[in-house]
Amino acid sequence: MSTDRPHRTPDRTPEPAADRRPGRTSDPSTGREQRPATDRAPEAKAAPLRRRGAAMRRAVLDATVRLLADGGLEAASVAAVAAAAGVHETSVYRNWGTREELLREALADYTDHAMPLPDTGTLRGDLRQLLTALGAFLDTPEGPALLHLSIAPQNADARSNRDAYWADRLARAEQLLQRAAERGEIRADADHRAAVEALMSPLFARHLLLGEPVTVRFVDALVDLVIGGLAPR
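Sequential numbering of the sequence shown, starting at 785, is according to this note's numbering.
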């Protein structure tokens, strides 16, 4: 009599559906229970992106402007900016030192792009372009938020940055008057700073105090008024 025992194959019959845990299925090849994706451990939160150099600075400055426009000064903490830009807080402090310096550079960078210094060949053309760009800037969500930052410093560092920002803005605008003087369009002894302030202040007042738009007609009238006072005698 043969002593060989019949070969038995393992019983791979899947367990009855009623015995399985709700929401789980079985693998047809093994009969083993599979957990749904929602049952699995959550993936670890992605680490900040490893941005460096110019790309990192661009991401941080853009994130700062977005946060200021969306939530005001309180929303633009260093931690919030770093998270929005996908960088580490240490990178922000290493490149800007203080939150106030970051805010100042973000303001200057944004206004440089929004209001480039024109060079049309005439003072009238330059001033019309500059004031039109300023009016459009004030009509954006970013404009009033950044302007508020520049006129409402919270501490000594912020005041210093505010002063540096406006000194630079006014000096840049004065270049338009200097070029006009060299072309003989205005008097050589004209007060360039007073002219720039006389041009810009009405736009701020019209937008911030009166809530009225800066129209083409308003810009033209303002330019005519100032150029008339600067004309050679």
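Glycine included, each C-beta is placed from N, C-alpha and C at the ideal position.
The structure displayed is predicted, hence computed values, not measured ones.
(request) Return the CA-CA distance between L983 and L914, expressed in angstroms with no decimal places. (result) Taking the straight line from one Cα to the other gives about 10 Å.
(request) Enumerate in chain order the residues of its own chain whose CB-to-CB distance from A869 is below 6 Å, with the five nearest sequence positions on each side excluded. (result) In the same chain as A869, and ignoring 5 residues on each side of it, the C-beta atoms closer than 6 Å to its own belong to A843, V844 and A847, in chain order.
(message) Short of 6 Å in beta carbon distance, which residues of its chain neighbour T999, apart from the five on each side in sequence? Order them along the chain.
(response) For T999, where only same-chain residues beyond five positions count, there are no Cβ hits under 6 Å.
(request) Could you tell me if H991 is buried or exposed, where buried requires 16 or more neighbouring beta carbons within 10 angstroms of its beta carbon? (result) So H991 ends up on the buried side.
(request) For G881, count neighbouring C-beta atoms within 10 Å of its own C-beta (all shown protein chains included) and say buried if the count is 16 or more, exposed if not. (result) Under this definition G881 is an exposed residue.
(message) Which residue marks the beginning of the alpha helix (DSSP H) containing N879, and which one marks its end?
(response) Looking at the DSSP string, the run of the alpha helix (DSSP H) that includes N879 is E873 to W880.
(message) Helix, strand or coil, according to DSSP, for E996 in the structure here?
(response) Here E996 carries a coil assignment [DSSP, helix/strand/coil].
(request) Helix, strand or coil for D975, going by three-state DSSP, please let me know. (result) Here DSSP, grouped into helix, strand and coil, assigns D975 to coil.
(message) Just verifying my parser: in three-state terms, what is the DSSP assignment at L1014?
(response) Under the three-state reduction of DSSP output, L1014 falls in the helix class.
(request) Could you check if T904 is buried or exposed, using at least 16 other CB atoms within 10 Å of its CB as the buried criterion? (result) Its Cβ having fewer than 16 others within 10 Å, T904 is exposed.
(request) Would you decide whether G807 is buried or exposed? Buried here means 16 or more other CB atoms lie within 10 Å of its CB. (result) Confidence in G807 is poor, its pLDDT being 48 and thus under 50, which makes the residue's placement too unreliable to answer from.
(request) Could you check the C-alpha separation between D975 and L994 for me, to the nearest Å? (result) Separation of D975 and L994 (C-alpha to C-alpha, rounded to the nearest whole angstrom) is 28 Å.
(request) Please classify G927: is it buried, with 16 or more other beta-carbons within 10 angstroms of its beta-carbon, or exposed? (result) Answer is buried; the Cβ neighbour count reaches 16.
(message) Suppose only complete runs of 4+ residues qualify. What are the alpha helix (DSSP H) ranges in the stretch 877 to 953, listed by chain order?
(response) Fully enclosed alpha helix (DSSP H) runs of no fewer than 4 residues occupy 883 to 898, 907 to 922 and 926 to 935 of the stretch 877 to 953, in order along the chain.
(message) So, for L961: in the same chain, excluding its five sequence neighbours on each side, which residues have a beta-carbon less than 6 Å away from its beta-carbon?
(response) Apart from sequence neighbours up to five positions away, the residues of its chain that approach L961 with a beta-carbon distance below 6 Å are H976 and A979, ordered along the chain.
(message) With a threshold of 7 Å on Cβ separation, who are the neighbours of D893 within its own chain once the five nearest residues in sequence on each side are excluded?
(response) Hits under 7 Å: L845.
(message) Tell me which residue opens and which closes the alpha helix (DSSP H) that R990 is part of.
(response) In the DSSP assignment, R990 falls outside any alpha helix (DSSP H), carrying neither H nor E.
(request) Starting from the C-beta of L918, find all residues in its chain whose C-beta is less than 8 Å away, skip the five residues before and the five after it, and write them out in chain order. (result) Excluding sequence neighbours, L918 sits near M899, M984, L987 and V998.
(request) Starting from the C-beta of E885, find all residues in its chain whose C-beta is less than 7 Å away, skip the five residues before and the five after it, and write them out in chain order. (result) Leaving aside the five residues that flank E885 on each side, the residues in its chain whose CB is nearer than 7 Å to its CB run, in chain order, N945.
(request) In angstroms with no decimal places, state the Cα-to-Cα distance between R878 and A940. (result) When only Cα atoms are considered, R878 and A940 end up about 21 Å apart.
(message) Using the Cβ count rule (16 or more neighbours within 10 Å means buried), how would you classify T924?
(response) The residue in question, T924, is exposed, as its Cβ has fewer than 16 Cβ neighbours within 10 Å.
(message) Just verifying my parser: in three-state terms, what is the DSSP assignment at G837?
(response) Reduced to three states, the DSSP call for G837 is helix.
(message) For a test of the three-state rule: what should DSSP assign to A955, helix, strand or coil?
(response) Of the three classes helix, strand and coil, the one that applies to A955 here is helix, per DSSP.
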